[in-house]
Each structure stands twice: as C-alpha cells, then as structure tokens.
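Student:
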Amino acid sequence: MSEEKNAFREAAFEAISDMAQHLPQDCELLVVACRPGKKDFDLVLPSPESNLNNALDALRRNGLSIDGDNAYKRDLCDTIVGALALGAQNNNPPPADHWGQRFWDIGREERASSEQLLKALTALTQVAGECEQIASNYSGTIDGIFEHGGDDHEDPSCAIFHRLYYAMFDARAAIKKATT
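Residue numbers (this note's numbering): 848 to 1027.
1) DSSP beta-bridge partners for residue 885?
2) Alpha carbons only, please: which of 935, 961, 947 is nearest the one belonging to residue 926?
3) Considering only residues of the segment 932-1012, which uninterrupted alpha helix (DSSP H) runs meet the minimum length of 4 residues and lie entirely inside it, listed in chain order?
4) Counting Cβ pairs, one atom from each stretch, are 3 or more of them under 8 Å apart for the segment 929-936 and the segment 955-971?
5) With DSSP run on the structure shown, which of helix, strand or coil describes residue 899?
6) Going by Cα to Cα distance, which pick from 985, 977, 968 is closest to residue 1020?
7) Buried or exposed for residue 962, going by 16 or more other Cβ atoms inside 10 Å?
8) In whole angstroms, give me the CA-to-CA distance for residue 981 and residue 1003.
9) If the criterion is Cβ atoms closer than 8 Å, does the pair residue 901 and residue 875 meet it?
Structure below.
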C-alpha cells in the first residue's frame, strides 16, 4: 500500500472514532475514498458495527441508481445472463443456496418448455402434413385452388388443402430453426 494511502487510512480511522461519538447509537459509519475511473486509491473503511448493505440502501435513498453505466451492474447482468444460459443447457448449476439459482432454474424451465412445444409442433406438423396430402388428393394443384378462392374455395377439401399448404411452410421453418 502506498505511503499516501497509509497516511489517509490512519487519519480516516481516527476520524471514524471522532465522528462515531457524535452519532445516535443505532447509526452505522462508513468512509469511502476513491479516484473515479482508477483503482489505485479505492478504500472502504467500515466501522465494526457497519453493514455494507445498509450503506448501499442509504446511497440508493439519496440518488444512487441502477440506471447509468457501471462495472458492477455489467458484471451482475452478465452473471444473470450466464445463469440463464447455463440453466437452459442444464449445465454447471450454481452452489447450493446461491442467489443465481433462481435464474438458472428459469433457464432450465424455459428450455424444457421450448422442448415440449417443439415436440408438440413436430407431432402436429406430421398430422397436418398427412391431412394436407389427403386434401391435395381431392383438390388438384395449389395454383388452381389459389386462382379459385384459396381459403374461401367452395369445395371444403380445397380450402383445407390451401390453408394447410401455407401453414406448413411456417411450421417447418420454425422446427428447422429450433433444431439447428
């Protein structure tokens, strides 16, 4: 530690004692010194009875906000995103009782839900494809159906074929995207 920092630290400890004597008994005291944008002088000196969470709450009440850019917030958000991603992969769970467990569980549940939806869509696409084939056997060409009203075609099998034909494009594209 630099000589300058040591001298400040000693002076701050003396000041903490002097200031603490003038505070109500249930007050906590914390001295923070920093050079914005540099780590060379960061110094946090809590009194023995102080709690850093209480100090943060006091700073928030006085305007400290999660808005704006800071390294702590970026790291916290990166950790949450990582927990969500790892949960989705069902990989590397956080330690027991860790606050990130909630986000890991969300990622895992979302992945399971997506897999269930994909399974259901795949099964539905299979059935719809079979129905499309049956309807096409009675309907002629898709171009002819389109020319004669498409979804509003007077023959129900033609209207069904038209709807299934175009719906299958979206369903197959969604399945392909989810599986590649």
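Note that the Cβ used here is the ideal one computed from N, Cα and C, for glycine as well.
Tutor: According to the data block:
1) Working through the sequence shown from its first residue, we reach residue 885 at position 38. In DSSP, residue 885 forms a bridge with 882.
2) As a working mapping, residue 926 is identified with position 79 in the sequence shown. Considering only alpha carbons, the answer is 947.
3) Within the segment 932-1012, the runs of alpha helix (DSSP H) that reach at least 4 residues and sit entirely inside it are, in chain order, 948-984, 989-994.
4) Yes, since at least three Cβ pairs between the segment 929-936 and the segment 955-971 fall closer than 8 Å, the two stretches touch.
5) The count along the sequence shown starts at 1 and reaches residue 899 at position 52. In this structure, DSSP gives residue 899 a helical state, which the three-state scheme calls helix.
6) As a first step, residue 1020 must be located in the sequence shown, where it is residue number 173. Ranked by how close their Cα comes to the Cα of residue 1020, the residues 985, 977, 968 have 968 in first place.
7) Walking along the sequence shown from the start, residue 962 turns up at place 115. Residue environment for residue 962: exposed (fewer than 16 other C-beta atoms within 10 angstroms of its C-beta).
8) On the sequence shown, residue 981 is found 134 positions in, with the first residue counted as 1. On the sequence shown, residue 1003 is found 156 positions in, with the first residue counted as 1. Spanning the two alpha carbons is a distance of roughly 12 Å.
9) Within the sequence shown, numbered from 1, the residue matching residue 901 stands at position 54. Within the sequence shown, numbered from 1, the residue matching residue 875 stands at position 28. Cβ distance < 8 Å, so residue 901 and residue 875 count as in contact.
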